[in-house]
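> Those protein sequences? They're chains A and B, same order as listed. Taking the numbering used here, the leading residue of the first sequence gets 1, the next gets one more, and so forth. Taking the numbering used here, the leading residue of the second sequence gets 1, the next gets one more, and so forth. There's a structure below that I have some questions on.
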Amino acid sequence: MEHSDRTKVVLLACGSFNPITNMHLRMFELARDYLEDTGQYRVVRGIISPVGDGYKKKGLIEASHRIEMARLATESSDWIRVDPWEGQLAEWVETAKVIRHHYEELVAAEHCNDEVDTVRVGKKRRHEEREGAPYSNCLRADVPQLKLLCGADVLESFSVPNLWKSEDIAEIVGRFGLVCITRAGSDAWKFVHQSDVLWGHRKNIHVVKEWVTNEISATHVRRALRRGQSVRYLLPDPVVRYVQEHGLYSSESEEKNADVILAPLQKYVKGSS
Amino acid sequence: MAGRIPLVLLACGSFNPVTHQHMRLFELARDHMHQTGQFQVVGGIVSPVSDVYGKQGLAPARHRVAMARLALRSSDWITVDDWESQQADWTETVVTMRHHYSRILRQYQRNTGTGGAPPPDPRPPDGAAPQLKLLCGADFLDTFKAPGLWRPEHVAEVAGRFGLVCVSRGSLQPDRAVHECDTLSQHRANIFLVREWVRNEISATEVRRALRRGLSVKYLLPDAVIDYIREHGLYTWESEQKNKGGVLRPLELQGAPPETLAD
Chain A
1 MEHSDRTKVV LLACGSFNPI TNMHLRMFEL ARDYLEDTGQ YRVVRGIISP VGDGYKKKGL
61 IEASHRIEMA RLATESSDWI RVDPWEGQLA EWVETAKVIR HHYEELVAAE HCNDEVDTVR
121 VGKKRRHEER EGAPYSNCLR ADVPQLKLLC GADVLESFSV PNLWKSEDIA EIVGRFGLVC
181 ITRAGSDAWK FVHQSDVLWG HRKNIHVVKE WVTNEISATH VRRALRRGQS VRYLLPDPVV
241 RYVQEHGLYS SESEEKNADV ILAPLQKYVK GSS
Chain B
1 MAGRIPLVLL ACGSFNPVTH QHMRLFELAR DHMHQTGQFQ VVGGIVSPVS DVYGKQGLAP
61 ARHRVAMARL ALRSSDWITV DDWESQQADW TETVVTMRHH YSRILRQYQR NTGTGGAPPP
121 DPRPPDGAAP QLKLLCGADF LDTFKAPGLW RPEHVAEVAG RFGLVCVSRG SLQPDRAVHE
181 CDTLSQHRAN IFLVREWVRN EISATEVRRA LRRGLSVKYL LPDAVIDYIR EHGLYTWESE
241 QKNKGGVLRP LELQGAPPET LAD
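What follows is the structure, given as structure tokens:
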């Protein structure tokens, strides 16, 4: 397919990035290669959106550090960048809202006049939800598709009670799309198959097999740092230096939020929306 | 740090190309040896194998050495040594170790003023003499079992006189490999097994495969090495065919009578 006929795609990764590792960065590279290899897509941008402190995950250090480390990590990339919007919010917001925010920014950037009027968009969307109509993307060809980039753990977290609103899952896979990086051994498709909502939008779910096992988890990195062990070559050098200079990730920092309930669970269990 | 033995770690291999995983081996090994309380790791050496090794897809030594140097230019303790790659024939591991150990010992004696002909087992009054240990992956231990590949006296020298620091990965069980080889088992006190809990299988083979297919290898190896590979057009389908169907040099030599093996 001609390069100009391809659909433009922007990949958005939400997560703790606590801290960012080479594995996170690899996900972007793998996703881009995969999508472009289909011949249908041209990946034009990658966005890293670290979660805000309001998420209240155990061991989550300040968003300002996590944002800065992600910025250092992406300095050498010509297409991946960090967006601090989500991280700087006082309260936690659902992933679907973050995706919508970034999509609206893409639309505004392309001067798509139909949807710049956000009041009309809000009304239109609520109307669609009431009517049960399928979601419509902005049909102007120059607005890229925005897809959520994630690991298989996020996909599988869709089934954790009270962690996600079902309408959010439907919007994420239906209106936007998912690019899910999985380990060679895992069976993400089985998980999709077992969920009617996911299966219904399977055309919009891309599963990318990572043949080179690369499980540099941030949890492991934090553990190594607590124990005074080297994390060099697991994270980009500037991030390693930043962690050292600021003395991040100690036993104390790992205890942060230890007694607190994760924000989405707090929100949904209480029944508010 | 008083009383600790100064230790240098030597890694021999193809480094075809060097990846973050290779450099991780050094970091893991250093942490582990420090944490035993007995050692102070003072240096690391990357020794790329010579072209004569004959492994399929082996890029020219001058490139492999250059890439390793680029990868390690920001390291303050690991260096790249091209002695082995410059030798006329493939060099047995034990020979490479002896070469580096003599160098290290001479340097140490210059520093401590104990120069002159070294006595068989130097023990200067203050501090311990430096040691050199072979840094390797768990798969390397299995080579000791391959018939005829190692001379028993060389196994004893590598494991006994020098010592091994072996980093495991995946499902490989290095402790089993030690157990199943009498000589290794005898010297198990000098074989340090380091467990890598993060499953991180960035192999150079996979990197070459990705490169052949025009896929990204960013974040698997340093940017400077990726740039070098691009500039020199390394790792193509053609380059992977090099030495195809050939016999690895050490296996070739294995067929030769013992007295022709260089020492």
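Cβ coordinates follow ideal geometry from the N, Cα and C atoms, glycine included.
(1) So what's A/G151 in DSSP terms, helix, strand or just coil?
(2) Please state whether DSSP places A/A13 in a helix, a strand or coil.
(3) I'd like to know whether the C-beta of A/I216 is nearer than 8 Å to at least one C-beta of chain B.
(4) Provide the residue span of the beta strand (DSSP E) that contains B/E11, from first to last.
(5) Comparing the C-beta of B/R24 with each C-beta of chain A, is any distance below 8 Å?
(6) Can a CB atom of chain A be found closer than 8 Å to the CB of B/S74?
(7) Could you name the residues of the same chain whose beta carbon sits closer than 7 Å to that of A/I99, not counting the 5 residues immediately before and after it, in chain order?
(8) Kindly indicate which three-state DSSP category B/S239 falls into: helix, strand or coil?
(9) Quick one: Cα of A/H24 to Cα of A/T213, how far?
(10) Over the uninterrupted alpha helix (DSSP H) stretch that includes A/G200, give me the two end residues.
(11) Could you name the residues of chain C that B/D31 contacts, counting a contact when the two beta carbons are closer than 9 Å?
(12) Could you tell me whether any Cβ in chain A is nearer than 8 Å to the Cβ of B/S216?
(13) For a contact meaning CB atoms closer than 8 Å, what does A/H220 contact in chain B?
(14) Following the continuous alpha helix (DSSP H) through B/T205, name the residue where it begins and the one where it ends.
(15) Opposite B/C136 in the DSSP bridges: which residues?
(16) Nearest chain B C-beta to A/L248 closer than 8 Å, yes or no?
(17) Please list the partners that A/R26 has in chain B, where partner means a Cβ-to-Cβ separation under 9 Å.
(18) Cutting at 6 Å between CB atoms, please list the residues of its own chain near B/D89, excluding the five before and the five after it.
(19) Does the beta carbon of B/I78 sit closer than 8 Å to a beta carbon anywhere in chain A?
(20) For B/N111, count neighbouring C-beta atoms within 10 Å of its own C-beta (all shown protein chains included) and say buried if the count is 16 or more, exposed if not.
(21) Would B/Q254 pass as a contact of B/G160 if the rule is Cβ separation under 8 Å?
(22) Does the distance from the CB of B/G163 to the CB of B/L25 come in under 8 Å?
(23) On a Cα-Cα basis, can you pick out the residue from A/I205, A/R223 and A/M69 that is closest to A/E252?
(24) What residues in its chain sit with their C-beta under 8 Å from that of B/V247, if we drop five residues either side in the sequence?
(25) Going straight from the alpha carbon of B/D142 to that of A/V51, what length do you get?
(26) For the segment 222 to 236 of chain B, enumerate the residues whose C-beta is nearer than 7 Å to any C-beta of chain A, in chain order.
(27) With C-beta atoms as the reference, is B/Y219 less than 8 Å away from A/N18?
(28) Within the continuous beta strand (DSSP E) that includes B/V155, where are the two ends?
(29) Output needed in chain order: residues of the segment 144 to 169 of chain B with a Cβ under 9 Å from some Cβ in chain A.
(30) Hey, A/W284 and B/E206 are a contact pair by Cβ (cut 8 Å); roughly how many whole angstroms apart?
(31) Figure out for me which residue from B/I5, B/Q38 and B/M67 has the closest Cα to the Cα of B/A224.
(32) Measuring straight from C-alpha to C-alpha, what distance separates B/T36 and B/I78?
(33) Would DSSP call B/L72 helix, strand or coil?
Taking the definition as stated:
(1) DSSP places A/G151 in strand when its eight states are reduced to three.
(2) In the structure shown, the three-state DSSP call for A/A13 is strand.
(3) Contacts with chain B at 8 Å (Cβ-Cβ) include A/I216.
(4) Going by the sequence as given, residue 11 of chain B is Ala instead of Glu. Looking at the DSSP string, the run of the beta strand (DSSP E) that includes B/A11 is I5 to G13.
(5) Yes - at least one Cβ of chain A is within 8 Å of the one on B/R24.
(6) Yes - at least one Cβ of chain A is within 8 Å of the one on B/S74.
(7) So the qualifying residues of the chain are L12, L146, L148, I172 and F176.
(8) The three-state reading of DSSP puts B/S239 in helix, counting H, G and I together.
(9) When rounded, the separation of the alpha-carbon atoms in A/H24 and A/T213 is 13 Å.
(10) Going by DSSP, A/G200 is part of the alpha helix (DSSP H) stretching over D196 to G200.
(11) This model lacks chain C altogether; the protein chains it does include are A and B.
(12) Output row for B/S216: interface = yes.
(13) Per Cβ cutoff of 8 Å: W197 and V198.
(14) Here the alpha helix (DSSP H) through B/T205 covers A204 to R212.
(15) DSSP lists B/C166 as partners of B/C136.
(16) For A/L248, the answer is no, since every Cβ of chain B falls outside 8 Å of its Cβ.
(17) Going along chain B in sequence order, the residues near A/R26 (Cβ under 9 Å) are S216, K218, Y219 and L220.
(18) Within the same chain, B/D89 has close Cβ partners V52.
(19) Not one chain A Cβ lies under 8 Å of B/I78.
(20) That one is exposed.
(21) With contacts defined as CB atoms closer than 8 Å, B/Q254 and B/G160 fail to qualify as a contacting pair.
(22) No.
(23) Closest option to A/E252, Cα to Cα, is A/R223.
(24) G54.
(25) Separation of B/D142 and A/V51 (C-alpha to C-alpha, rounded to the nearest whole angstrom) is 45 Å.
(26) Going along the segment 222 to 236 of chain B in chain order, one finds D223 with a Cβ nearer than 7 Å to chain A.
(27) Going by C-beta atoms, B/Y219 is not nearer than 8 Å to A/N18.
(28) Taken as a continuous stretch (DSSP letters only), B/V155 belongs to no beta strand (DSSP E), being part of the alpha helix (DSSP H) at P152 to A156.
(29) Listed by position along the chain: nothing, the set is empty.
(30) The requested residue 284 of chain A is not part of the displayed model; chain A covers only 1 to 273.
(31) Comparing Cα positions, the closest option is B/M67.
(32) Take the alpha-carbon of B/T36 and the one of B/I78: they are about 20 Å apart.
(33) Annotated three-state conformation of B/L72 is helix, per DSSP.
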